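Trainee: Numbering (the UniProt record's numbering), first residue to last: 1 to 789. To start, I am sharing the structure in question, which I have written as structure tokens.
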Ligand code: MCN
């Protein structure tokens with residue numbers, strides 16, 4: 001079933017599989033589009049937020065009177081001013097019975113719990129006047145002790161973030177006899193890995209415009225989730241859902257950070273209601289670093305038990321996950337998405353997982369590209385390299401001995417997921433060939449022999465992930481929030497052009513292009529004849545939005561099914577017009593033809609006939625429109641092998657990525673160019689975690705990395721040219737055979753890079769380097785290991 005694709009793969013003439021350039025890009029990259037900040041409404045005011053400079057404090061006084069007299073200021077509000085109506089920001093993922101979900105007022109009323117929490121706001125005639133007037137607001141704080149360290153936070157007598165204490169929840173999962181797996185195991189390795197806190201850095205900062213017209217409300221937001229947001233805002237603010245329209249105009253990236261119901265969205269709506277005028281808020285970059293929800297921040301204590309031949313017996317995971325100060329939309333669910341992934345692509349007898357969610361006085365964490373799965377993949381892939389070194393087995397060979405073989409699918413893992421298909425052998429073979437693995441190992445041996453100050457390291461990551469978030473029933477067992485279905489509507493206009501309404505909400509993934517390709521093939525219409533509408537709850541009322549690499553494996557299938565319904569309708573009309581039986585109508589290339597004759601009608605002809613409605617089958621409702629809602633039976637499980645070669649200067653600690661090969665298998669591919677772009681971006685983000693990025697708080701809970709000079713994102717100059725390729729093992733659980741790709745690169749790449757660094761330094765006794773592996777950390781790791789020897 002697996003197809004190894006090569007450069008020379010011919011174009012098929014079909015749209016699916018064609019490397020089309022994205023039709024939406026011209027308007028997106030030139031900025032001539034509906035970014036939220038570009039929206040100008042008559043009489044619009046601008047909001048600026050005063051944010052807490054304290055990590056933990058009681059608010060004893062807020063005096064807004066002086067600010068009200070500043071030029072251009074129309075209104076000033078404190079948390080108290082909205083106390084009766086602002087509600088509590090929602091958490092839709094209560095993962096356990098014992099979970100503590102604290103009140104989370106959008107604007108703090110009596111206590112602040114992280115630096116950056118909104119305490120007051122100014123509404124003015126322009127954003128600069130609003131920002132200037134913030135300094136005139138007086139706030140008295142009574143400092144409380146910050147809580148910054150998860151381990152300390154759980155100790156008896158620690159200062160409390162919330163009255164109920166600092167433990168948010170404990171969640172356990174166990175399968176198999178873990179005691180037996182570890183008892184008398186010939187090899188047991190224990191490691192602690194730190195997943196540092198990251199700051200999602202979408203190109204477009206968050207932005208909100210809220211407006212009212214009588215009792216009607218419209219919220220424009222740079223959000224990934226217009227549909228979920230509408231429901232949640234209705235529940236939070238009490239604005240009736242049918243009076244609230246949410247629009248996600250074009251959105252410039254999110255990476256999970258815009259999968260949220262934010263304080264600013266709620267407050268802008270309330271302010272617009274109070275003042276009866278439209279208001280806008282656009283975040284500054286440093287404000288964003290402080291207050292966009294952060295990602296990762298986990299401490300993973302993991303141990304693996306194995307036989308001497310490398311066969312894995314069992315895996316234990318004990319996780320501390322920093323929730324930050326509050327539980328936001330899916331905060332507690334993030335580490336649990338990882339719970340099902342620690343076993344990776346490997347077979348084992350027993351698995352034991354415990355996660356404790358901990359409150360600290362820091363910005364809340366939540367979904368960031370991969371959300372739980374990069375962390376899990378990192379741990380198991382690092383462990384596999386460690387185990388290989390311990391046993392003196394080549395890391396690829398160790399993986400081969402443990403992974404699920406391509407003949408064993410479908411395979412139910414120790415974590416309880418059923419992987420429908422995969423071919424780890426094929427992806428790995430292809431990656432090894434492209435990487436020239438043996439040559440690099442030979443060079444590594446040579447450099448080690450001659451004690452070259454620049455050592456070569458090779459890192460392996462053979463990952464899988466669960467994505468295509470759905471099925472509703474499974475998600476429902478983990479949350480009371482959103483299900484996992486997706487909706488699409490296909491309207492064939494009278495002239496034969498096609499309008500697609502999708503419930504997916506793209507923010508950089510190229511859905512307009514990919515969806516057009518699916519429709520073009522399904523209905524036999526030109527790619528250019530398809531328009532895709534999205535992101536507006538008035539025009540696309542049904543949807544579950546975009547996250548968890550779900551849009552294609554869920555939304556794409558809903559679209560295909562809607563096309564099938566359109567075709568069935570068209571077949572009925574064609575049969576009627578051609579005086580034939582519907583069963584005798586064949587469809588090819590947009591033409592409905594009576595089998596064995598030349599009599600036919602094009603889709604366009606049928607569309608016009610259904611519009612005119614002069615001569616239709618009895619009971620046929622005019623127009624060729626159809627809609628479908630799809631809820632898959634399973635997640636989607638892309639996989640792949642990423643190989644990274646690094647050169648580590650052992651005298652300075654500098655790491656240079658010399659080559660990077662990624663062979664991913666995302667099932668059938670709709671658009672190879674988009675997939676390659678997704679993989680490239682994903683790898684860059686994963687390398688960012690491995691080498692550069694970290695949100696740093698000082699001992700008082702001040703975020704030190706509020707600018708791009710402090711929070712280091714990789715630039716093109718920091719990255720090598722990636723060699724990417726694919727194998728194709730179709731998903732068996734959906735008719736397109738597709739698997740998601742949106743997070744794959746990020747999940748795969750971080751362990752590949754760190755494995756490579758540790759591999760380079762193993763002769764020095766180095767067993768781990770904490771991320772981000774900055775030159776200083778690498779240098780120290782070498783010196784400490786040398787000192788210990
Ligand atoms: N695709 C394809 N063939 C496949 C799989 C995917 O052609 N077998 C195409 C799809 O048609 C779609 C794109 O690849 O155009 C991504 O599809 P999918 O994997 O379904 O992911 P989503 O569209 O649901 O996007 C979400 C995913 C996530 S979870 C994060 S985080 C992320 C990502 O997408 N954030 C992004 N990629 C991003 N890309 C950009 N530019 N900006 C972000 O914020």
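Cβ atoms here follow ideal geometry from the backbone N, Cα and C, with glycine treated the same way. Values in this document were obtained by computation on a predicted structure and should not be read as measured data.
Can you give the Cα-Cα distance for residue 764 and residue 782, rounded to whole angstroms?
Mentor: 6 Å
Trainee: Would residue 463 and residue 747 be called neighbours here (beta carbons separated by less than 8 Å)?
Mentor: yes
Trainee: Between which two residues does the beta strand (DSSP E) carrying residue 172 extend?
Mentor: 167–175
Trainee: Is residue 553 near ligand 3, with its Cβ less than 7 Å from a heavy atom?
Mentor: Here the bound small molecules are ligand 1; ligand 3 is not part of this structure.
Trainee: Which residue or residues does DSSP assign as beta-bridge partners of residue 122?
Mentor: 48, 76
Trainee: Which first and last residues belong to the alpha helix (DSSP H) in which residue 788 is found?
Mentor: 775–788
Trainee: Could you check what DSSP says for residue 569 in three-state terms: helix, strand or coil?
Mentor: Annotated three-state conformation of residue 569 is helix, per DSSP.
Trainee: Exposed or buried, residue 270, counting other C-beta atoms within 10 Å across all chains shown (16 or more means buried)?
Mentor: When all chains shown are included, residue 270 counts as buried.
Trainee: What is the rounded straight-line gap between the Cα of residue 319 and the Cα of residue 298?
Mentor: 7 Å
Trainee: Could you tell me if residue 343 is buried or exposed, where buried requires 16 or more neighbouring beta carbons within 10 angstroms of its beta carbon?
Mentor: buried
Trainee: Using the three-state DSSP reduction, which class does residue 527 fall into: helix, strand or coil?
Mentor: helix
Trainee: Rounded to a whole number of angstroms, what is the C-alpha to C-alpha distance between residue 519 and residue 525?
Mentor: 7 Å
Trainee: Can you have a look at residue 143 and say buried or exposed, based on whether 16 or more other CB atoms are within 10 angstroms of its CB?
Mentor: exposed
Trainee: Under 8 Å by Cβ, that's how I've got residue 575 and residue 581 pegged, so tell me the actual separation to the nearest angstrom.
Mentor: 6 Å
Trainee: Indicate, with yes or no, if ligand 1 has a heavy atom lying under 7 Å from the CB of residue 255.
Mentor: yes
Trainee: Could you give the C-beta distance for residue 167 and residue 356, rounded to a whole number, given that I count them as a contact under 8 Å?
Mentor: 6 Å
Trainee: May I ask which residues mark the beginning and end of the alpha helix (DSSP H) holding residue 604?
Mentor: 603–612
Trainee: Between which two residues does the alpha helix (DSSP H) harbouring residue 268 extend?
Mentor: 263–275
Trainee: By Cβ distance below 8 Å, which residues in the same chain neighbour residue 788 in space, the five residues on each side in sequence not counted?
Mentor: Same-chain partners within the cutoff: 765.
Trainee: When DSSP labels each residue in this structure, what does residue 684 get in the three-state scheme?
Mentor: helix
Trainee: Residue 373 and residue 348: beta carbons closer than 8 Å?
Mentor: no
Trainee: With a threshold of 16 other CB atoms inside 10 Å of the CB of residue 29, please say whether the residue is buried or exposed.
Mentor: Looking at its Cβ environment, which holds fewer than 16 other Cβ atoms inside 10 Å, residue 29 is exposed.
Trainee: For residue 656 and residue 647, what's the separation of their Cα atoms in angstroms?
Mentor: 5 Å
Trainee: Who are the near neighbours of residue 72 in its chain, counting only those whose CB is closer than 6 Å to its CB and skipping five residues on each side?
Mentor: 124, 125, 129
Trainee: At a threshold of 7 Å, does residue 197 count as lining ligand 1 (C-beta to nearest heavy atom)?
Mentor: no
Trainee: Under 7 Å from any heavy atom of ligand 1, does the C-beta of residue 556 make it?
Mentor: yes
Trainee: Using alpha carbons as the reference points, say which of 134, 81, 99 lies closest to residue 109.
Mentor: 81
Trainee: Among the candidates 151, 92, 568, whose CA atom is the shortest distance from the CA of residue 329?
Mentor: 92
Trainee: Inspect the beta-carbon positions of residue 137 and residue 67 and report whether they are closer than 8 Å.
Mentor: yes
Trainee: Is residue 749 near residue 686, with beta carbons less than 8 Å apart?
Mentor: yes
Trainee: Have a look at 268, 786, 501 and flag the residue whose alpha-carbon is nearest the alpha-carbon of residue 827.
Mentor: Here the chain has residues from 1 to 789 only, and residue 827 is not among them.
Trainee: Whole angstroms is fine: what's the gap from residue 230's alpha carbon to residue 547's?
Mentor: 16 Å
Trainee: Output yes or no for whether 8 Å exceeds the beta carbon distance between residue 459 and residue 759.
Mentor: yes
Trainee: Please state the DSSP three-state secondary structure of residue 243.
Mentor: helix
Trainee: Nearest to residue 336 by CA position, among 771, 277, 375, 244, is which residue?
Mentor: With distances taken between CA atoms, residue 336 lies nearest to 375 out of 771, 277, 375, 244.
Trainee: Shorter than 7 Å, the distance from the beta carbon of residue 671 to the closest heavy atom of ligand 1, or not?
Mentor: yes
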